[in-house]
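A short write-up of the structure that comes next.
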DNA sequence: AAATAATTTAAACACTTGTTTAAATTTTGG
DNA sequence: CCAAAATTTAAACAAGTGTTTAAATTATTT
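Chains as they are written, first to last, in the working numbering: chain H, 6 to 220; chain G, 6 to 220.
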């Protein structure tokens with residue numbers, strides 16, 4: 006008599022459910038949805054395949070849960086910066102810093118997110134759940150104001166986003182490629198990423214907030 | 006009596022082999038190696054599954070062929086620019102232009118390459134076949150010279166590479182994500198990419214080749 | 001035109017896939 | 001402690017996987 010564990014948890018030991026989620030996250034992150042089987046995940050957990058379906062109904066449902074968690078983590082790291090009480094220039098600088106630090110600890114995340122969205126079977130957009138919390142921080146208004154005051158280069162929100170994400174996300178997505186191309190080890194790459202962060206910060210800040218040439 | 010088509014082609018009609026390669030390229034590019042079956046490809050070709058193995062021995066071998074072709078195409082677009090007789094600054098500007106134009110027509114390529122390298126089963130490095138032809142253009146020496154003369158910002162080749170690839174590759178890898186996030190159609194995104202190209206060119210050139218502040 | 005080789009096909013192979021069933025085990029509540 | 005519920009398991013399911021076999025078809029050569 007199997008029952009799916011719904012919202013109403015009647016004194017269920019969550020450790021198993023959480024163990025599966027953790028294992029699934031590890032496997033999905035490294036191998037992708039198509040690149041792994043439910044047995045791979047079960048092996049990672051150290052137990053039976055049927056257990057995954059007992060707790061999460063299907064591989065797809067489990068994946069969606071992991072994906073939403075990942076997106077939430079990512080979103081949270083952004084919100085923290087945007088909610089701070091700083092001028093836009095400092096917020097931007099801080100954002101780059103925090104994002105880099107975050108991805109240093111979760112380097113598979115950018116690739117995972119893009120891949121998941123790429124092969125998004127359903128048509129449900131992630132936009133509302135993602136943009137609404139950011140909107141609430143007032144960052145978009147702050148951006149408009151800064152551009153109106155001439156403090157920030159006039160360019161669309163979309164182009165700003167692409168510029169920022171390119172420089173912050175890509176380096177982590179291309180880790181293996183970079184290592185292979187240049188024949189370097191993980192430690193060396195780590196140093197390169199730190200150097201890259203410094204470059205990106207200077208370059209982007211200078212570009213987005215051009216100084217009206219000092220006398 | 007099946008024979009694998011080797012180098013020695015005895016008046017074989019190549020159209021079938023090429024048709025399979027073209028179909029496989031389309032399918033692999035959009036769905037990835039794990040995301041498709043050989044029957045998907047066969048369906049795209051419009052013929053039997055066994056034909057793929059007849060011509061290419063295995064799904065993996067076929068994929069490697071497609072991958073190498075893609076890398077070759079990509080490499081070629083770079084070599085062309087580097088081989089030109091221009092100052093480094095102009096070469097860099099031209100490179101960004103050409104790369105953007107190239108990816109405008111092959112937007113799946115950056116993602117395809119990174120994914121393929123990411124889940125590279127074997128340990129064989131792509132570095133030599135990739136770097137050697139670039140080395141031969143003399144671009145690395147030109148770079149050293151420019152840095153020695155103070156024309157170019159002193160930073161490692163690796164960091165320059167990451168910076169360039171981030172800004173040129175990522176926008177195409179994140180097409181679907183950008184569309185979903187901002188709720189825009191293909192045409193709008195295309196315009197954004199053109200705008201992004203202009204931004205990237207100005208930003209990178211200014212950063213990599215800083216002007217000793219004019220009087 | 002006949003024989004030989006090359007190409008294409010349908011069918012089967014062994015194996016893996018996600019999921020389900022039903023039985024076994026553990027935990028819980030009275 | 002014992003029945004009822006929750007959890008975990010082994011086994012099976014049908015469908016899909018990459019690959020191979022052998023027969024059928026087409027093209028080539030003499």
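Glycine residues also receive a C-beta, built at the ideal position from the N, C-alpha and C atoms.
beta-carbon residue i near the ligand COA non-hydrogen atom, thresh 6 Å
i                      : result
residue 125 of chain H : This structure lacks the ligand COA; in fact it carries no ligand of any kind.
Inter-residue spacing [alpha-carbon to alpha-carbon] between residue i and residue j
i                      : j                      : result
residue 155 of chain H : residue 87 of chain H  : 20 Å
residue 139 of chain G : residue 176 of chain H : 21 Å
residue 210 of chain H : residue 152 of chain H : 14 Å
residue 202 of chain G : residue 97 of chain G  : 13 Å
residue 191 of chain G : residue 53 of chain H  : 44 Å
residue 27 of chain G  : residue 111 of chain G : 14 Å
residue 189 of chain H : residue 119 of chain H : 25 Å
residue 169 of chain H : residue 94 of chain G  : 23 Å
residue 187 of chain H : residue 50 of chain H  : 36 Å
residue 23 of chain G  : residue 68 of chain H  : 37 Å
residue 163 of chain H : residue 31 of chain G  : 29 Å
residue 132 of chain G : residue 185 of chain H : 6 Å
residue 215 of chain H : residue 205 of chain G : 15 Å
residue 9 of chain H   : residue 102 of chain G : The pLDDT assigned to residue 9 of chain H is 40, lower than 50, so where the model puts this residue is not dependable, and the model offers no usable value.
residue 117 of chain G : residue 124 of chain G : 11 Å
residue 36 of chain G  : residue 37 of chain H  : 12 Å
residue 165 of chain G : residue 180 of chain H : 15 Å
residue 146 of chain H : residue 213 of chain G : 32 Å
Local conformation of residue i per DSSP, three classes
i                      : result
residue 159 of chain G : coil
residue 42 of chain G  : coil
residue 53 of chain G  : coil
residue 31 of chain G  : helix
residue 217 of chain G : coil
residue 154 of chain H : coil
residue 104 of chain G : helix
residue 210 of chain H : helix
residue 113 of chain G : coil
residue 201 of chain G : helix
residue 98 of chain H  : helix
residue 171 of chain G : helix
Proximity test, Cβ basis, 7 Å: residue i and chain G
i                      : result
residue 186 of chain H : yes
residue 176 of chain H : yes
residue 123 of chain H : yes
residue 75 of chain H  : no
residue 132 of chain H : yes
residue 71 of chain H  : no
residue 182 of chain H : yes
residue 34 of chain H  : no
residue 102 of chain H : no
residue 163 of chain H : yes
residue 172 of chain H : yes
residue 167 of chain H : yes
residue 48 of chain H  : no
residue 197 of chain H : yes
Where the alpha helix (DSSP H) through residue i begins and ends
i                      : result
residue 139 of chain G : 132-141
residue 88 of chain H  : 64-88
residue 124 of chain H : Run containing residue 124 of chain H: none; DSSP gives neither H nor E here.
residue 91 of chain H  : That residue, residue 91 of chain H, is in no alpha helix (DSSP H); it is neither H nor E in DSSP.
Cutoff 8 Å; reference residue i; Cβ partners in own chain excluding five residues on either side
i                     : result
residue 84 of chain H : 138, 139, 142
Chain H within 7 Å of residue i, Cβ atoms only
i                      : result
residue 212 of chain G : yes
residue 44 of chain G  : no
residue 200 of chain G : yes
residue 155 of chain G : no
residue 208 of chain G : yes
residue 31 of chain G  : no
residue 39 of chain G  : yes
residue 190 of chain G : no
residue 119 of chain G : yes
Same chain, Cβ closer than 7 Å to residue i, neighbours up to 5 away in sequence not counted
i                      : result
residue 105 of chain H : 173, 202
residue 114 of chain H : 75, 79, 108
residue 34 of chain H  : 113, 117
Other residues of its chain near residue i: CB distance less than 6 Å, five sequence neighbours each side excluded
i                      : result
residue 121 of chain G : 72
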